[in-house]
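Heads up: the structure comes next, in structure tokens.
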Amino acid sequence: MAPEITRIETMEFEYPLEDLGTDGNGFNLVYEPGSTLQATQLALKVHTDVDVTGEYVLVTSTAPDQIETYAEYLVGKNPLKRERHWSEIKRALRKYDRMGIGPLDIALWDFAGKYYDAPIHELLGTYRTEFPAYASTYHGDDNGGLDSPEAFADFAEECLELGYQGFKIHGWGGSDEARDIQREVETVHAVGERVGDEMDLMFDPACEYETFADALKVGRACDDHDFFWYEDPYRDGGISQHGHRKLGEMLETPLLQTEHVRGLEPHADFVVNDATDFVRTDPEYDAGITGAMKVVHMAEAFGLDVEFHAPGPAHRHCIAATRNTNYYELALVHPDCDNTTPPIYEGGYSDQLEAIDENGRVEVPDGPGLGVDYDWDYIEDNLTDEVHVFD
Numbered sequence: 001m002a003p004e005i006t007r008i009e010t011m012e013f014e015y016p017l018e019d020l021g022t023d024g025n026g027f028n029l030v031y032e033p034g035s036t037l038q039a040t041q042l043a044l045k046v047h048t049d050v051d052v053t054g055e056y057v058l059v060t061s062t063a064p065d066q067i068e069t070y071a072e073y074l075v076g077k078n079p080l081k082r083e084r085h086w087s088e089i090k091r092a093l094r095k096y097d098r099m100g101i102g103p104l105d106i107a108l109w110d111f112a113g114k115y116y117d118a119p120i121h122e123l124l125g126t127y128r129t130e131f132p133a134y135a136s137t138y139h140g141d142d143n144g145g146l147d148s149p150e151a152f153a154d155f156a157e158e159c160l161e162l163g164y165q166g167f168k169i170h171g172w173g174g175s176d177e178a179r180d181i182q183r184e185v186e187t188v189h190a191v192g193e194r195v196g197d198e199m200d201l202m203f204d205p206a207c208e209y210e211t212f213a214d215a216l217k218v219g220r221a222c223d224d225h226d227f228f229w230y231e232d233p234y235r236d237g238g239i240s241q242h243g244h245r246k247l248g249e250m251l252e253t254p255l256l257q258t259e260h261v262r263g264l265e266p267h268a269d270f271v272v273n274d275a276t277d278f279v280r281t282d283p284e285y286d287a288g289i290t291g292a293m294k295v296v297h298m299a300e301a302f303g304l305d306v307e308f309h310a311p312g313p314a315h316r317h318c319i320a321a322t323r324n325t326n327y328y329e330l331a332l333v334h335p336d337c338d339n340t341t342p343p344i345y346e347g348g349y350s351d352q353l354e355a356i357d358e359n360g361r362v363e364v365p366d367g368p369g370l371g372v373d374y375d376w377d378y379i380e381d382n383l384t385d386e387v388h389v390f391d
């Protein structure tokens, strides 16, 4: 008898982020000593009739309302038919960005790994079990943390001493008056001069720059220090194929785009139209492990590398099964505060700054499914009112 999904639970919980605040617009997280933000995150359980439960707790953000539109469709279905479910749900969410597919697809992969007593990367086809990480910083602040080009250079040097082989800068946000392109340029030079001969360097303005000209100015500074990539620089939101093709023609530094386009086809369009050099994907953003691996193989067909956005156990399994990728993004890191990962892992799994080994590498979890144990007591003790059961 094939297994059957009997019930799906989605649970929102909250947890504190110490020494973190937001920038002037309230959008970017920045270091703010003594401040505490209250964050929320989503946890899922897929119950079945074979006493195996697929589980996933999100790393970044998604669209829980979309999950509610299709969760009942999965009840009574075979959880192993992931490709069929992926196709049906993709069509059902055709009027939306489909960010709600990822979490449940990952939970179905977790079920499959537990059902077959194998880690997800083995089901995908293992290529490696450990890989290098790069330190991906919080945005710059004005509060005594990453508050100057020199502070970024000091932190890059600290990360190098820890063993990191790569370092990515997120610059400053804030209001129009506070945004200072020259400070961004000086940060590129400061970090490049300090560690550029010893680390791969990346720059990610996270679509902060208001004009193509500003993006070009910072990109040319990256050229001066042979940056590894330049990512999502300006206010198109990271989705203009024409704009990034033009930008790429005027720079030597490779572009990394497609974090902000959703799904397989828009990623392929970016590649076909020469609008990016590296391809970005994320199993939470791009319709699960199923969707992310489709992007991986599409890029492979064009001879391009894929870089996974954000850290997390699902991301590690994807990287472990991917030849054409270079780094694991350990984000967001800072010399004076922890990253935003909720305290929900048992058994030693970590995505904090010190999670790498002496060679700057992390390992893929090797237990069944995702290979991590969640602290469900912590999650259930911190639930909000947003708890839903579909049966």
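According to full-length UniProt numbering, the residues represented by the sequence shown are 1 to 391, in order. Cβ coordinates follow ideal geometry from the N, Cα and C atoms, glycine included.
Judged by DSSP secondary structure, H317 falls within the alpha helix (DSSP H) whose first and last residues are 313-320. For A275 against Q257, the beta-carbon gap comes to about 6 Å, under 8 Å, which counts as contact. Our two residues, R361 and G347, have alpha carbons roughly 19 Å apart in a direct line.
Membership of P64 in any beta strand (DSSP E) is not indicated; the residue belongs instead to the alpha helix (DSSP H) covering 64-74. Excluding the 5 residues flanking it on each side, W86 has same chain C-beta neighbours closer than 8 Å at I101, D105, A287, G288, T290, G291, in chain order. For the region 151-184, the full-length beta strand (DSSP E) segments reaching 3 residues or more read 166-170 along the chain.
When the five nearest sequence neighbours on each side are left out, the beta carbons in the same chain lying within less than 7 Å of the beta carbon of T187 are those of P149, F152, I169, G171, in order along the chain. When C-alpha distances from D142 are compared across D23, G125, Q241, H260, the shortest belongs to D23. Exclusion of the five residues before and after H189 leaves P149, A221, D224, H225 as the residues of its chain whose Cβ lies within less than 8 Å of its Cβ. Pairing F227 with R323, the inter-Cα distance amounts to about 22 Å.
For Q257, the enclosing beta strand (DSSP E) covers residues 255-257. As a beta-bridge residue in DSSP terms, G369 pairs with P119. Unbroken alpha helix (DSSP H) stretches of 4 residues or longer found wholly inside the region 212-243: 212-224, given in chain order. Bounds of the beta strand (DSSP E) holding G34 are 29-48. According to the DSSP assignment, P266 belongs to no beta strand (DSSP E) but to the alpha helix (DSSP H) extending over 264-272. For the options T253, D232, E252, the alpha carbon positioned closest to that of G243 is the one of D232.
Scanning the region 83-120 from its first residue to its last, the whole alpha helix (DSSP H) runs of 4-plus residues come out as 101-115. L247 carries a helical assignment under DSSP once its states are collapsed to helix, strand and coil.
Three or more Cβ pairs closer than 8 Å define a contact, and the region 153-167 meets that threshold against the region 350-361. DSSP, read as helix, strand or coil, puts P149 in helix. For V364 against H317, the beta-carbon gap comes to about 6 Å, under 8 Å, which counts as contact. Contact between I239 and D214 does not hold, since the beta-carbon distance rounds to 18 Å and is not under 8 Å. According to the DSSP secondary-structure assignment, H139 is paired through a beta bridge with H170. Proximity to P335 across G145, P79, R262 peaks at G145, based on C-alpha coordinates.
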